[in-house]
Structure formats: C-alpha cells, structure tokens
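*Asks:* With this note's numbering, the residue at position 71 of the sequence shown is 71, and numbering never jumps.
All C-beta atoms, glycine included, are put in the ideal place defined by N, C-alpha and C.
Being a predicted model, the structure only gives us computed values, none of them experimental.
Before we start, here is the structure in question, set down as structure tokens.
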Amino acid sequence: MVATEIRRELSRRFYVSSRTARAGALRLAYMAYAATLSRGVSLTATPAAVLSLKKRMEQLLEDDWQDAEAGFYPRALIDHLPWREYVSAAPRLLADLPRARSRILREDFNDLPAEAEPGRYPHYYARNFHYQTEGYLGHTSAALYDLQVELLFGGTADAMRRRLIPPVVRFARAQGYSRARPIRVLDVACGTGHLLSMLGAALPGEARLTGVDLSPHYIARARETLPRELDVSLVCDNAERLPFLDRHFDVVTNLFLLHEVPSDVRARVLAEMARVLRPGGLLVVADSIQLADAPELRQELLGFPDRFHEPYYVGYVKDNLAARVRTAGLQVLDERLGFLTKIVTAERPRD
Ligand SMILES: C[S@@+](CC[C@H](N)C(=O)[O-])C[C@H]1O[C@@H](n2cnc3c(N)ncnc32)[C@H](O)[C@@H]1O
Numbered sequence: 001m002v003a004t005e006i007r008r009e010l011s012r013r014f015y016v017s018s019r020t021a022r023a024g025a026l027r028l029a030y031m032a033y034a035a036t037l038s039r040g041v042s043l044t045a046t047p048a049a050v051l052s053l054k055k056r057m058e059q060l061l062e063d064d065w066q067d068a069e070a071g072f073y074p075r076a077l078i079d080h081l082p083w084r085e086y087v088s089a090a091p092r093l094l095a096d097l098p099r100a101r102s103r104i105l106r107e108d109f110n111d112l113p114a115e116a117e118p119g120r121y122p123h124y125y126a127r128n129f130h131y132q133t134e135g136y137l138g139h140t141s142a143a144l145y146d147l148q149v150e151l152l153f154g155g156t157a158d159a160m161r162r163r164l165i166p167p168v169v170r171f172a173r174a175q176g177y178s179r180a181r182p183i184r185v186l187d188v189a190c191g192t193g194h195l196l197s198m199l200g201a202a203l204p205g206e207a208r209l210t211g212v213d214l215s216p217h218y219i220a221r222a223r224e225t226l227p228r229e230l231d232v233s234l235v236c237d238n239a240e241r242l243p244f245l246d247r248h249f250d251v252v253t254n255l256f257l258l259h260e261v262p263s264d265v266r267a268r269v270l271a272e273m274a275r276v277l278r279p280g281g282l283l284v285v286a287d288s289i290q291l292a293d294a295p296e297l298r299q300e301l302l303g304f305p306d307r308f309h310e311p312y313y314v315g316y317v318k319d320n321l322a323a324r325v326r327t328a329g330l331q332v333l334d335e336r337l338g339f340l341t342k343i344v345t346a347e348r349p350r351d
C-alpha cells in the first residue's frame, strides 16, 4: 500500500517537473522564433506575471496528471507528444520565417491565397491571423498550425485542451452512454482535430464524433491525421449557421474560437451551439483567460495582439465568457481555469 502510494507520488512529481522543464526548453525555442519575427515589441514580463504563469502552468500539469490518474482519459494521452509530426513540420516552419517576418514588418494581414476572394468567407475570417502564412486558408498553414501553437504554449496546448474532457466523460457516465448507445458529440471549430482525437481516446467506441470548421484545409488535415478507427464525421461550414438539426447533439464543445471573432459573431456562434444541443445536453466552451481572471497578467493579455494579428482579442478579454453562455439561454454549471485557458461548462435547460 505504502509502496503504491510512493510510486504514485513519484510519478506525479516526475510528470509535473519533466513537463515544466520541457515547457522551459520550448519557451526558449519560441523566444528565438519570436525574436526573429519581432518588429521590436518588448517581450519582457513583470516578475508578478512570471510567477503567476509558473504557478498556473504547474497547476495545469497537476490537474492533467490527476485526471489521467482518475481515469478520465488514458495515461497514454499525457505521455504522448507528437514529436514525429513536429520534427517533420519544423523545417517548413523555419523555411516560412522570412515570409512571415516580411508580413509582420509590413503589418500585412491580407496576404491570402487566391481562393480567399472577397465574399467567399466572412470579413473577420479572411485574414492572416497571427500573421501566419495563408491565414487559415492553405495546406501549409494547416500543417504548421499545431507546432506553432505548441511552441507558443510551451508544449502545454494539449494539456489545456484536455481540460474539456472530464466534464464530457462525467456527463457520458452519469447519463449511461455506452458502446450500445453512443453519445453524440460536436466539436465546433475543430481545427486539425486534436480535441476530437483525445475525446475519442477518452470514450473509446462510446462516442459518435462530429467536427465542423470553416477551413477546408484544416478539415483535410484533420481527416488525414485522425485515427482511422475513430467514428468521426468532419464538415466544412460556418459556426454562425451550423448545418445540423435543432437538438441533435448530446454534447457540444468549442475551443479557442471565440477570441478570433467579433462580438456579434460570438453571440451568434453561442446561440447556434445552444440550438443544436438537446435539452439537458452539455456545452463545454473554452478559450483564453480574460482580464478579470488574471489582473496580474493584464500587460501580457493586452500585449498579445501587438505581436500577432488578433483583431478581436482585446474585445474578447474584456468580455465575460460565462455571461455570454447565459445569454445564449444555457445554465452555467462550472467555470474554471487551466493555465491560459478558461473553461465554462453549461447545460441546456430541459423544456
Ligand atoms: C485558433 S483555431 C482553434 C482550432 C482548434 N479548436 C484547436 O483547439 O486547435 C480557430 C479555428 O476556428 C476556425 N474558425 C474560425 N471562424 C470560424 C467560423 N465562423 N466557423 C467555423 N470555424 C471557424 C478556424 O478555421 C480555426 O480552425
């Protein structure tokens, strides 16, 4: 008994300290990358901010380890970092640096492939978010996106994404979903499919997954990289008009979308997610932390869009995510933070 406890404690400490060290190393790589791209904007954080970031990250890793230990998702998920995928993307990311740097220096966020002709995509979407090559509208962008996010967050991006899984698994278990009666889950703005893949691993054979995203290239990337055995449908469409019937899904998830859209679009997307959720169904929505969540990170949060083209971010961090969810007609059950991510869990009231 004592030996088991000691092994468990050592495993926990090893996980938190090795991931913290890895985050430090990736942070150095990211700073070198950002300095190459920078147009001289200072990256210096205040001591209070540095301490806060460190504590928040350690808490995230601790929660991640505890949730794997509690069986909300397989241990393999927290041990896995897709090194092979990142090693193959790294040379392309480096080769892309001069183009990205030139775009940043020109402050040009309209450098898009020809297929993004006016009128085809919403005005807020057809732009080079983060000054990234092709915006969201190209295969190179889709191939480089995950590595860029991983560098930005010091290797903690998937740990933050996993914060959405325990509420979904708890809900699935409480409602008796199973292989014989799979739960219908929709991930809105699924990107390249990381959350879908991890949800599939957490609910093996028990979930019928659907992902929707406006980028045909990110959808193509998700199709290419998601495990073949996963029951997943991928749809390319706009979250402002979800192509699904009212009340169709048991669970809707949404991650890292709302800070990239204007305020009125944020309201429409939330209303759409509420519409396609069945009464009694669960919404788990997550995005950047907001100003009220971390006053000591005010400078970092407000400074983020100086370095990346993120025109709606400041409006988003001044907003209140849970209040928005309530306005969409849902009942908020829980609000929590995971490092730089805020997760709001809500239920659609029964009729
Ligand atoms: C920051 S990425 C997040 C992707 C993914 N959820 C993740 O965890 O990495 C934002 C995603 O939102 C998608 N997106 C933006 N506006 C959208 C809209 N109106 N409808 C559907 N998807 C949209 C983009 O194509 C992109 O894949």
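Put residue 78 into one of helix, strand or coil per three-state DSSP.
*Replies:* helix
*Asks:* Excluding the 5 residues flanking residue 187 on each side, which residues of the same chain have their C-beta closer than 6 Å to its C-beta?
*Replies:* 195, 196, 211, 253
*Asks:* In this structure, does DSSP put residue 332 in helix, strand or coil?
*Replies:* strand
*Asks:* Can you round the beta-carbon distance between residue 93 and residue 148 to whole angstroms, since I take them to be within the 8 Å contact cut?
*Replies:* Contact holds; Cβ gap of about 7 Å.
*Asks:* Taking the beta carbon of residue 130 as the centre, do at least 16 other beta carbons fall within 10 Å, making it buried, or is it exposed?
*Replies:* buried
*Asks:* Please confirm whether any heavy atom of ligand 1 lies closer than 6 Å to the CB of residue 220.
*Replies:* no
*Asks:* Can we count residue 141 as close to ligand 1, meaning its CB is less than 6 Å from some heavy atom?
*Replies:* no
*Asks:* Secondary structure at residue 355, three-state DSSP: helix, strand or coil?
*Replies:* Here the chain has residues from 1 to 351 only, and residue 355 is not among them.
*Asks:* Once DSSP output is grouped into helix, strand and coil, what is the label at residue 341?
*Replies:* Of the three classes helix, strand and coil, the one that applies to residue 341 here is strand, per DSSP.
*Asks:* Please tell me whether, using a cut-off of 6 Å, the distance from the CB of residue 154 to the nearest non-hydrogen atom of ligand 1 is below it.
*Replies:* no
*Asks:* Quick check: the Cα distance between residue 91 and residue 105, rounded to an integer number of angstroms?
*Replies:* Distance between the alpha carbons of residue 91 and residue 105: 22 Å.
*Asks:* Smallest Cα separation from residue 75: which of 116, 15, 224, 122?
*Replies:* 15
*Asks:* Do residue 250 and residue 184 count as a contact pair if the criterion is CB distance below 7 Å?
*Replies:* yes
*Asks:* Please indicate yes or no: does the CB of residue 238 lie closer than 6 Å to some heavy atom of ligand 2?
*Replies:* Ligand 2 is absent from the structure shown, which contains only ligand 1.
*Asks:* For the beta strand (DSSP E) holding residue 289, just list the boundary residues, first then last.
*Replies:* Counting along the chain, residue 289 falls outside any beta strand (DSSP E), and DSSP gives it neither H nor E.
*Asks:* Taking contact to mean 3 or more Cβ pairs, one atom from each stretch, closer than 8 Å, check whether the stretch 294-312 and the stretch 51-65 are in contact.
*Replies:* yes
*Asks:* Does at least one heavy atom of ligand 1 sit under 6 Å from the Cβ of residue 125?
*Replies:* yes
*Asks:* Put residue 276 into one of helix, strand or coil per three-state DSSP.
*Replies:* Residue 276 sits in a helix when the DSSP states are folded into three classes.
*Asks:* Helix, strand or coil for residue 234, going by three-state DSSP, please let me know.
*Replies:* strand
*Asks:* Determine, using beta carbons only, whether residue 200 and residue 230 come nearer to each other than 7 Å.
*Replies:* Pairing residue 200 with residue 230 gives a Cβ-Cβ distance under 7 Å.
*Asks:* Ignoring anything shorter than 3 residues, give me the beta strand (DSSP E) runs that lie fully in the stretch 144-218, in order along the chain.
*Replies:* 183-188, 207-213
*Asks:* In or out: residue 31 buried (at least 16 other Cβ within 10 Å) or exposed?
*Replies:* Label assigned to residue 31: exposed.
*Asks:* Along the chain, where does the alpha helix (DSSP H) that runs through residue 94 open and close?
*Replies:* 83-106
*Asks:* I believe residue 226 touches residue 193 by the beta-carbon criterion, under 8 Å. Please report the beta-carbon distance rounded to the nearest angstrom.
*Replies:* 5 Å
*Asks:* Contact defined as beta carbons within less than 8 Å: I believe residue 109 pairs with residue 340. What is the distance between those atoms, to the nearest angstrom?
*Replies:* At roughly 23 Å, the Cβ-Cβ gap does not stay under 8 Å, so residue 109 and residue 340 are not in contact.
*Asks:* Would you list the residues sitting across from residue 142 in a DSSP beta bridge?
*Replies:* In DSSP, residue 142 forms no bridge with anything.
*Asks:* If we count Cβ pairs, one from each stretch, closer than 8 Å, do we get three or more for the stretch 266-275 versus the stretch 315-332?
*Replies:* yes
*Asks:* Can you confirm whether the stretch 319-328 touches the stretch 341-351 when touching is taken to mean that 3 or more C-beta pairs between the two stretches lie within less than 8 Å?
*Replies:* yes
*Asks:* Is it buried or exposed, residue 165, if we count other Cβ atoms within 10 angstroms and call 16 or more buried?
*Replies:* buried
*Asks:* Taking the alpha carbon of residue 64 as the reference point, which residue from 112, 237, 338, 24 has its own alpha carbon closest?
*Replies:* 338
*Asks:* Expressed to the nearest angstrom, what Euclidean distance is found between the alpha-carbon atoms of residue 277 and residue 88?
*Replies:* Going by the C-alpha atoms only, they are around 38 Å apart.
*Asks:* Would residue 144 be called buried (16 or more neighbouring beta carbons within 10 Å of its own) or exposed?
*Replies:* Of the residues assessed, residue 144 falls on the buried side of the cut-off, its CB having 16 or more other CB atoms within 10 angstroms.
*Asks:* Measuring straight from C-alpha to C-alpha, what distance separates residue 136 and residue 9?
*Replies:* 42 Å
*Asks:* How long is the line joining the alpha carbons of residue 123 and residue 224, rounded to whole angstroms?
*Replies:* 28 Å
*Asks:* On a Cα-Cα basis, can you pick out the residue from 205, 292, 221 that is closest to residue 180?
*Replies:* 205
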